[in-house]
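Residues in the sequence shown are numbered consecutively from 127, following this note's numbering. Following: one structure in C-alpha cells, then a few remarks.
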Amino acid sequence: MIEEEILDILAEFGPLSSQEIEKELQNRGFSITSRTVRYHLKKLEQRGLVNKGDHGKSQITLEGIDFLKGLKAFERLGEFSERIEINVYSSDFDIYRMKGKVPTNLAIIKKEEFEKCVEVLAEMEDFPFIIYNGVFFADEGEEIDGKKIPNGHFGIATISNTFYDVLLKSAGINTYPEYAALLRVENMVPSRIMELISYVGTTMSPGWLLLRSGLTSVSSVLKNGSGVIISAVRSFSRYAIDIALRTVETASSRGFRGVLAVLHPSDRRFSLPFGKRARIITSAGLNHLAPIHEMGIDMEIRVNEVLLEFSKFKPISTIK
127 MIEEEILDIL AEFGPLSSQE IEKELQNRGF SITSRTVRYH LKKLEQRGLV
177 NKGDHGKSQI TLEGIDFLKG LKAFERLGEF SERIEINVYS SDFDIYRMKG
227 KVPTNLAIIK KEEFEKCVEV LAEMEDFPFI IYNGVFFADE GEEIDGKKIP
277 NGHFGIATIS NTFYDVLLKS AGINTYPEYA ALLRVENMVP SRIMELISYV
327 GTTMSPGWLL LRSGLTSVSS VLKNGSGVII SAVRSFSRYA IDIALRTVET
377 ASSRGFRGVL AVLHPSDRRF SLPFGKRARI ITSAGLNHLA PIHEMGIDME
427 IRVNEVLLEF SKFKPISTIK
C-alpha cells in the first residue's frame, strides 16, 4: 500500500526527496517517517520501479509507470465514456449555422503511406457508413488541438460518431454510451450484431479495440456491400424519440450519415440486451479509417481526443 502510494506521488510530482515524499504521504493521511520512506524506496529500486535522478532525488521509471497503470486499471474502467462526455460538453457545433468544433478521430501515419491513404479515402466519399465525407490532413510539425504531428508523419482527421451525441445534446437529449459493436452488413443493409463491448468495462476506446482485433472487414463492405463494420450504441430517454428522429433528419439533410437505427425500448432489432431506454445505433467514426488499417498500414489513432473546427473538413475530391 505505501509503495503504491509512493509510486503514485512520484508519477504526479516528478523527482522528490524522501522528506518531500514523507510530507506528501502525511498529506494523504499516512503517519510515516522519512527513514521508513527510504526503506520502501530501496525496495522499489530493487524492483526497477524507481531510480535516483538529479540531486539524489527518487524518480519513477517506465517500468514503475506501467506497474502503476496496471494497479489503476480497475479504477479507470469507463474513463473513455468520460472522454465522450467532455467532448460533448466542449463542442460548440451548430448544425443550423454549420459552424463550430466537432469531436474528431485523428490517425497519425508515416508519410510514405500518403498516396495509398488518399486513394482509399477517395473511394469512401459516397460510403454510407461514415459520419461525413470531409477529411482534414495535417503535415508534420502541425498541431491539432494541442496534438503535434511527429516528423516523418502526417495526420488524417475524420469526424467521430460522438458528433451525434453533440447534436442530441443541443436538442435537449442526454445520451449514455452503452456498447461498441461488430455489426454484420449484407448488401449495404445492417443485419445483425455479432459482438459487443461495454463502454463501462474498458479503459480504452472499445471501437479501437474492435478495429485492432482484426475482426472488421469494412474494405469488403466498401467494395462488395457485405462485411463487418463497427457501430456505437447510445441510450436516451424513451420520451425523446420524436426529437431524436427530427434531429437525425436535420443532420441527414445537411450531408451527415451513419445513423443505422433509432429504437424504442420494445424494438428488438439487432437483438440488443433488454433495456428501458430508447437507443440510437450509429456507424462508428472509425469506419472511415478502418480500410487503411485493414491494408496493414501502421497508424496511431487518437479516438475522441481532438476537437476541430468543422470548416476544416473538406471532401477529398476538393483537396488539391
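All residues carry an ideal CB built from backbone N, CA and C; glycine is no exception.
Can you tell me whether residue 365 is helix, strand or coil according to DSSP? Residue 365 falls in the helix class under three-state DSSP.
So what's residue 270 in DSSP terms, helix, strand or just coil? Residue 270 falls in the strand class under three-state DSSP.
Where does residue 169 land, buried or exposed, given buried means 16+ other C-beta within 10 angstroms? That one is exposed.
Buried or exposed: where does residue 219 fall if 16 or more other Cβ atoms within 10 Å of its Cβ makes it buried? Counting every other CB atom within 10 Å of its CB across the protein chains shown gives residue 219 a total of 16 or more, marking it as buried.
The segment 400 to 417 touching the segment 341 to 361, judged by at least three CB pairs closer than 8 Å: Yes: at least three Cβ pairs fall under 8 Å.
Where residue 139 falls, given that 16 or more other Cβ within 10 Å makes a residue buried: Exposed, because fewer than 16 other Cβ atoms sit within 10 Å of the Cβ of residue 139.
On a CA-only basis, which of 285, 145, 313 is nearest residue 440? Give me that one, please. Just measuring C-alpha positions, the residue of 285, 145, 313 sitting nearest residue 440 is 285.
Which first and last residues belong to the alpha helix (DSSP H) in which residue 290 is found? Per DSSP, residue 290 belongs to the alpha helix (DSSP H) from 288 to 296.
Give me the DSSP bridge partner(s) of residue 303. Beta-bridge pairing links residue 303 to 360.
Looking at the strands, I want to know which residues DSSP matches up with residue 195. Paired residue(s): none; residue 195 is not in a bridge.
CB of residue 247 within 7 Å of CB of residue 442, strictly: Yes, these two residues count as a Cβ contact at 7 Å.
Confirm, please, whether the CB-CB distance from residue 297 to residue 472 is below 7 Å. Because the chain spans 127 through 446 in this model, residue 472 falls outside it and cannot be assessed.
Could I get the ranges of all uninterrupted alpha helix (DSSP H) runs contained in the segment 319 to 353, with 4 residues as the minimum, in chain order? Listed in chain order, they are 332 to 338, 344 to 350.
Simplified DSSP state of residue 393, which is helix, strand or coil: Coil at residue 393, not helix or strand.
CB-CB under 7 Å to residue 337, same chain, minus the five flanking residues each way: which ones, in chain order? Closer than 7 Å at Cβ, skipping near neighbours: 356, 412, 416, 419.
At what residue ranges does the segment 412 to 442 contain a whole run of the alpha helix (DSSP H), taking only runs of 4 or more? For the alpha helix (DSSP H) assignment, the uninterrupted runs of no fewer than 4 residues enclosed by the segment 412 to 442 are, from N- to C-terminal side, 416 to 420.
By how many angstroms is the C-alpha of residue 320 removed from the C-alpha of residue 160? The straight-line gap from Cα to Cα measures roughly 56 Å.
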